[in-house]
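Visitor:
In the working numbering, the protein residues as written are 837 to 1117.
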């Protein structure tokens, strides 16, 4: 995804009394790519998007880290997702790519996957950066996301348009119209059944994670845009307060798609959190 290149196509949480065990689940082979040298870092995208979400952040991250970008199950060039796929299964797919402690950076659905890995495979989580993540939804927020899921099932095109309208302010669309069109094209190119299966995970998995979050031991940062209507600043503060030692960063003037809208600022935050901060000229 992104203005510079087109899409590549082709090739739950467990019980509340213990962390789910992603390593016991069968995984599928994810389409992925690796860039750079240094401490391992994996980038996880949101529902309906793909690994090109991170194109604008990649150059600076790969200058300091060995970066792995993946297409989650049901997205991009990875295998389809079946109805009923769980967050634990999505996390097991990612775990199969990792060979040691890795900085986990997840956006939206990817942030839920990162939390699951932090619980089920703590030996793989050097740190968590949770970008535009939902957390502890209120009843009103649950109703809103359920309605969006119903729209996606009934009229996928209208759902994609509504997402772009929610994610980009009119001023941002006017400033960079090609970016909003790229995101829309990415959404519309999704396999509908896979999208709905993964949206179900996005819409519900935070409820299963919530009681387990105090068990996360990895250094954790939650970051979102001040104007994000879905993954709100309050949600990032909830995460930071729920996870021991967690911190929250709120990016002024930004909505949901921080990797595209505020790549420089987001990259600064990530590198600072992973201990690889560098000062730009």
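Note that beta-carbon positions come from the ideal geometry of N, C-alpha and C, so glycine has one too. Treat the numbers as computed from the prediction; the structure is a model and nothing was measured.
Roughly how many angstroms separate the alpha carbons of residue 922 and residue 1040, rounded to a whole number?
Guide: Spanning the two alpha carbons is a distance of roughly 10 Å.
Visitor: Might you give, ordered along the chain, the residues of its own chain that have their beta carbon closer than 6 Å to the beta carbon of residue 964, omitting 5 neighbours on each side?
Guide: Same-chain partners within the cutoff: 940, 950, 954, 1054, 1056.
Visitor: First and last residue of the beta strand (DSSP E) that includes residue 983?
Guide: No beta strand (DSSP E) holds residue 983; the alpha helix (DSSP H) holding it covers 975-990.
Visitor: Within this structure, are the beta carbons of residue 1050 and residue 1079 separated by less than 8 Å?
Guide: Cβ atoms of residue 1050 and residue 1079: closer than 8 Å.
Visitor: Residue 1045 to residue 952, Cα distance in whole Å?
Guide: Going by the C-alpha atoms only, they are around 7 Å apart.
Visitor: Which term fits residue 866, buried or exposed, when burial requires 16 or more other beta carbons within 10 angstroms of its beta carbon?
Guide: Buried, since its Cβ has 16 or more Cβ neighbours within 10 Å.
Visitor: Helix, strand or coil, according to DSSP, for residue 1106 in the structure here?
Guide: Helix, per DSSP.
Visitor: If you follow the beta strand (DSSP E) that residue 942 is in, where does it begin and where does it stop?
Guide: First-last of the beta strand (DSSP E) with residue 942: 938-943.
Visitor: Rounded to whole angstroms, what's the CA-CA distance from residue 928 to residue 863? Just pull it up for me.
Guide: Taking the straight line joining both Cα atoms gives about 6 Å.
Visitor: DSSP three-state call for residue 857: helix, strand or coil?
Guide: No answer about residue 857 holds up, because its pLDDT of 44 lies below 50 and its placement is not dependable.
Visitor: How many Å lie between residue 1069 and residue 962 at the Cα?
Guide: Rounded to whole angstroms, residue 1069 to residue 962 spans 24 Å at the Cα level.
Visitor: Given a cut-off of 8 Å, decide if residue 945 and residue 816 are closer than it, judged by their beta-carbon atoms.
Guide: Nothing can be reported for residue 816, as the shown portion of the chain is limited to 837 through 1117.
Visitor: Please look up how many angstroms separate the CB atoms of residue 1023 and residue 996, rounded, as I've assumed it's under 8 Å.
Guide: 4 Å between Cβ atoms; contact.
Visitor: On the criterion of 16 or more Cβ atoms from any shown chain inside 10 Å, does residue 858 qualify as buried, or is it exposed?
Guide: For residue 858, the predicted structure reports a pLDDT of 39, less than 50, and the residue's modelled location is therefore unreliable. The matter cannot be settled from this model.
Visitor: For the stretch 1074-1089 against the stretch 907-925, are there 3 or more C-beta pairs whose distance is under 8 Å?
Guide: These segments do not touch.
Visitor: Compare the Cα-Cα distances from residue 999 to each of 990, 984, 876, 1030 and report the closest residue.
Guide: Considering only alpha carbons, the answer is 984.
Visitor: By Cβ distance below 6 Å, which residues in the same chain neighbour residue 925 in space, the five residues on each side in sequence not counted?
Guide: So the qualifying residues of the chain are 861.
Visitor: Taking residue 968 as the reference, give the member of 1034, 1059, 1065, 1088 with the closest Cα.
Guide: If we check each option's Cα against that of residue 968, 1059 comes out closest.
Visitor: Which residue spans inside the stretch 1000-1083 form an unbroken beta strand (DSSP E) run of at least 3?
Guide: You should have 1056-1061.
Visitor: Looking at C-alpha atoms only, which residue of 973, 890, 938 is the closest neighbour of residue 1043?
Guide: Closest by alpha carbon: 973.
Visitor: From residue 901 to residue 872, what distance separates their C-alpha atoms?
Guide: Cα to Cα, residue 901 sits roughly 6 Å from residue 872.
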